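Colleague:
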Amino acid sequence: MSDQASTIPAPRTEASPSDNAALLELSSVEVAYGGIVALKGIDLEVRQGEIVALLGANGAGKTTTLRTVSGLLKPRSGEVRYAGEALTGIPAHKIVQLGIGHSPEGRRIFSRMTVLENLQMGAYRFKSVSQKDLDQVFELFPRLQERRTQLGGNLSGGEQQMLAIGRAMMGQPALLLLDEPSMGLAPLIVAQIFEIIERINALGTTILLVEQNAAQALKLAHRGYVLETGEVVMSAPAGELLNDPRIREAYLGETAE
Amino acid sequence: MYFTQHFWELLFQGIRLGSLYALIAIGYTMVYGVLQLINFAHSEVFMSGALGGVFMLTALAGTNGNIPSGFSAFEYTALALIAGAVVSAAVAFSLERVAYRPLRKRHAPKLVYLITAIGASIFLYNLAGKLFGRNNLQVPESFHSGPVFVLPGSGPSGPRTVKTLDVLIIATAFVMMIVLDLVINRTKLGSGIRAVAQDAETAQLMGVDVGKVISRTFIIGGLLAGVGGVLYAMFHAVSYTMGFIPGIKAFTAAVLGGIGNVRGAMLGGLLLGIVESFSQGIIPNGLEWVDVVSFVVLVVVLLIRPTGILGERTGRAA
Ligand SMILES: Nc1ncnc2c1ncn2[C@@H]1O[C@H](COP(=O)(O)OP(=O)(O)OP(=O)(O)O)[C@@H](O)[C@H]1O
Ligand SMILES: [Mg+2]
């Protein structure tokens, strides 16, 4: 390593994980619920080390996209590739084994299990629960350690969200799918959770983040996609999207000038 | 008064009957947990186990009326119980594979499951009737059921002695329930079962193979029902329709305890057994009223606690 490299900080654009190889690729993915087409052939890419924000109004198809990646839904056509391998036909419980963690919409905590049991469920894919991972989750979310013997169903919304993320982390995902982690939470908790998402990413986990909270998601993300009724209508580096007047109007609650 | 005089005897009899109800009820409740299905064919799973045990005993001890003693008695009894458990587990496993899994793959509505369950029940008991005849089967005794101890209180027929068979039934049932409770709460298979029961889709996101968990749940329910069937066969008539009444009772017990809750099924089974036994002691001509009383108890409990005694699941979507 040269002296220069360590003394002169590289500008963000050059060191950006957006230049890395793709970890997740969706090409022309079409998903339908019975007759209702929810995804009309979308292309999307998440590169190694990135945080990618997936934005869009209610019903745009964000959750459908994540559920398709984790195998809960099967695409009608198109292909999902992860680490260069097609996920076609692989059942959800085996996709987890490949290193894709999913913190689902609505948190979906096992309400009659304790916090600790929920975290152990997150490590179900391993022979035994790693104490190191558990310590890491408790370090990220000290609140969960305090509540570890409490039933999941008795946690506050914010705590449940922390548990949902912590549980997904227990599976040591290389790619973490987060579906609206800020939903229904107070601004202070949202800020906390977003900060932790950034830390998780800094620790080496690639993140695909679904959010309605566009401003905050874009501040965190490297790149973003905008979905509208099952189609990608925009994709750009996060900074560009933040400054795009159409985005500012539609998702950041500003009126056009 | 008859009831007070015979309190211990009635209580004991209730526990004996109730522990069998509990063994069967666990299968109903666990399958309901993972599939939200009332497996009406579970009564036939129980019946198959009883038949399996009886055939094993007949093969070992013959029908010449000689009662084995010493190690043979122990060996034959154990082999009969194992045969019953294996046969029931095999029937339960196949039932899931053949009847329910295809429905799950096609996301069939719950009503279709229910009709399938009833159909499977009718199919299985008629098949058994066809294969093994419609008369009661002779059950060889695998051991001499001698007195173990005498219960307090005495009646016209003298004090009730607790016999080896009684001890066998209650001890076996309780050991199986304790082991099951440990499996559910302490093992990985148990956490998989609980996760699927609470939220099958999220369980998949954790890496749980839901199909495998459902299959194993049927096997566990079968093992318990099979052992229950063999024990039941040791003091009841055995025939192709023998599953019906105990099946309905065990289902009642599962609902009483809170359907989906394993400890609830155990509690509900014991409670129902005791209620039935007591009502025989309290009501003149009690035997004729037993079924009326148990269902009155069920209705009253459900009026007070719609989710059953230990049921906590309220308003869960079907
Ligand atoms: N189970 C389902 N059956 C039928 N249609 C569905 C189902 N789930 C979603 N849809 C439809 O698919 C479309 C996309 O839904 P999806 O949940 O992916 O949207 P979303 O972007 O996550 O919305 P939200 O922000 O409200 O969570 C919607 O039109 C929705 O009505
Ligand atoms: Mg959604």
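Protein sequence lines correspond, in order, to chains L and D. According to my numbering, the first sequence holds residues 1 to 257 in order. According to my numbering, the second sequence holds residues 258 to 575 in order. Note that the Cβ used here is the ideal one computed from N, Cα and C, for glycine as well. Computed from a prediction, not measured in an experiment: that's the story for all the values here.
Taking the C-alpha atoms as reference points, what is the distance between Gly-270 (chain L) and Val-232 (chain L)?
Modeller: Since the first and last residues shown for chain L are 1 and 257, residue 270 (chain L) lies out of range.
Colleague: Please tell me whether Gly-521 (chain D) and Ala-511 (chain D) are closer than 9 Å, where the distance is taken between their beta carbons.
Modeller: Residue numbering aside, residue 521 (chain D) sits at position 264 when the second sequence is read from its first letter. Residue numbering aside, residue 511 (chain D) sits at position 254 when the second sequence is read from its first letter. Contact: yes.
Colleague: Would you say Glu-105 (chain L) touches ligand 2, meaning its beta carbon is less than 8 Å from a heavy atom?
Modeller: Translated into the one-based positions of the first sequence, residue 105 (chain L) becomes position 105. Yes - ligand 2 has a heavy atom lying nearer than 8 Å to the Cβ of Glu-105 (chain L).
Colleague: Check the C-beta distance from Val-52 (chain L) over to Arg-223 (chain L) and give it rounded, since I have them as a contact under 8 Å.
Modeller: Within the first sequence, the letter at position 52 stands for residue 52 (chain L). Within the first sequence, the letter at position 223 stands for residue 223 (chain L). Between Arg-223 (chain L) and Val-52 (chain L) the Cβ distance is about 5 Å, and since that is below 8 Å, they are a contact.
Colleague: Does Gln-131 (chain L) come within less than 9 Å of chain D when only Cβ atoms are used?
Modeller: Here residue 131 (chain L) is taken as the residue at index 131 of the first sequence, counted from 1. Taking Cβ atoms only, chain D never reaches closer than 9 Å to Gln-131 (chain L), which makes this a no.
Colleague: At what residue ranges does the stretch 162-236 of chain L contain a whole run of the beta strand (DSSP E), taking only runs of 3 or more?
Modeller: Qualifying beta strand (DSSP E) stretches, in chain order: 175-179, 206-211, 223-228.
Colleague: Can you check whether the C-beta of Met-463 (chain D) is within less than 9 Å of a C-beta belonging to chain L?
Modeller: Sequence index remark: in the second sequence, residue 463 (chain D) carries index 206 (1-based). Yes, because at least one Cβ of chain L sits closer than 9 Å to the Cβ of Met-463 (chain D).
Colleague: CB Gly-158 (chain L) to CB Ile-109 (chain L), shorter than 9 Å?
Modeller: On the first sequence, position 158 is the one that residue 158 (chain L) refers to. On the first sequence, position 109 is the one that residue 109 (chain L) refers to. Not closer than 9 Å, so no.
Colleague: Under the rule that 16 or more other beta-carbon atoms within 10 Å means buried, what is Asn-617 (chain D), buried or exposed?
Modeller: Outside the shown range of chain D (258 to 575) lies residue 617 (chain D), about which nothing can therefore be said.
Colleague: If you follow the beta strand (DSSP E) that Lys-40 (chain L) is in, where does it begin and where does it stop?
Modeller: Within the first sequence, numbered from 1, the residue matching residue 40 (chain L) stands at position 40. Segment 36-47, the beta strand (DSSP E) holding Lys-40 (chain L).
Colleague: Kindly give me the distance between the Cβ atoms of Tyr-225 (chain L) and Leu-39 (chain L), rounded to whole angstroms, as I take these residues to be in contact under 8 Å.
Modeller: For the purposes of this step, residue 225 (chain L) is taken as residue 225 along the first sequence, with counting starting at 1. For the purposes of this step, residue 39 (chain L) is taken as residue 39 along the first sequence, with counting starting at 1. Actually they do not touch by this definition, with Cβ atoms about 12 Å apart.
Colleague: If contact is defined by three or more beta carbon pairs under 8 Å, each pair taking one atom from either stretch, is the stretch 172-186 of chain L in contact with the stretch 209-220 of chain L?
Modeller: Touching, yes, given that three or more Cβ pairs across the two stretches are closer than 8 Å.
Colleague: Who are the neighbours of Gln-455 (chain D) on chain L, taking C-beta pairs under 8 Å?
Modeller: Reading the second sequence from its first residue, position 198 is the one you call residue 455 (chain D). The contacting residues are Phe-110, Ser-111, Arg-112, Met-113.
Colleague: Classify Phe-406 (chain D) as helix, strand or coil using the three-state DSSP reduction.
Modeller: The sequence position of residue 406 (chain D) within the second sequence is 149, counting from 1. Looking at Phe-406 (chain D) - three-state DSSP - the assignment turns out to be strand.
Colleague: Taking the alpha carbon of Arg-67 (chain L) as the reference point, which residue from L:Asn-58, L:Gln-48, L:Ser-103, L:Val-46 has its own alpha carbon closest?
Modeller: Position 67 of the first sequence, counted from the first residue, corresponds to residue 67 (chain L). The candidate whose alpha carbon is nearest that of Arg-67 (chain L) is L:Ser-103.
Colleague: Ligand 1 heavy atoms versus the CB of Val-69 (chain L): any closer than 8 Å?
Modeller: By 1-based counting over the first sequence, the position of residue 69 (chain L) is 69. For ligand 1, not one heavy atom lies less than 8 Å from the Cβ of Val-69 (chain L).
Colleague: Based on Cα-Cα distance, which residue from L:Gly-59, L:Gly-71, L:Pro-75 lies nearest to Val-29 (chain L)?
Modeller: Looking up residue 29 (chain L) in the first sequence gives position 29. Ranking L:Gly-59, L:Gly-71, L:Pro-75 by Cα distance to Val-29 (chain L) puts L:Pro-75 first.
Colleague: Quick one, which residues of the stretch 344-366 of chain D are near chain L if we go by CB-CB under 9 Å, in chain order?
Modeller: Within the stretch 344-366 of chain D, no residue qualifies.
Colleague: Would the beta-carbon of Gly-152 (chain L) fall within 9 Å of that of Arg-112 (chain L)?
Modeller: Residue mapping note: residue 152 (chain L) aligns to position 152 of the first sequence, counting from 1. Residue mapping note: residue 112 (chain L) aligns to position 112 of the first sequence, counting from 1. Closer than 9 Å, so yes.
Colleague: I want to check one thing, is the minimum distance from the CB of Glu-533 (chain D) to the heavy atoms of ligand 2 below 8 Å?
Modeller: As a working note, residue 533 (chain D) is residue 276 in the second sequence. Glu-533 (chain D) Cβ: outside cutoff for every heavy atom of ligand 2.
Colleague: In whole angstroms, what separates the C-alpha of Thr-315 (chain D) from that of Val-396 (chain D)?
Modeller: By 1-based counting over the second sequence, the position of residue 315 (chain D) is 58. By 1-based counting over the second sequence, the position of residue 396 (chain D) is 139. When rounded, the distance between both Cα atoms is 7 Å.
Colleague: Does Gln-97 (chain L) come within less than 9 Å of chain D when only Cβ atoms are used?
Modeller: Taking the first residue of the first sequence as 1, we reach residue 97 (chain L) at position 97. Yes, Gln-97 (chain L) counts as interfacial toward chain D.
Colleague: Please classify Ile-36 (chain L) as buried or exposed, where buried requires at least 16 other C-beta atoms within 10 Å of its C-beta.
Modeller: Mapped onto the first sequence, residue 36 (chain L) falls at position 36. Classification of Ile-36 (chain L): exposed, given that the 10 Å Cβ count is below 16.
Colleague: Tell me which residue opens and which closes the beta strand (DSSP E) that Arg-81 (chain L) is part of.
Modeller: In the first sequence, residue 81 (chain L) corresponds to position 81, counting from 1. Arg-81 (chain L) -> beta strand (DSSP E) spans 77-82.
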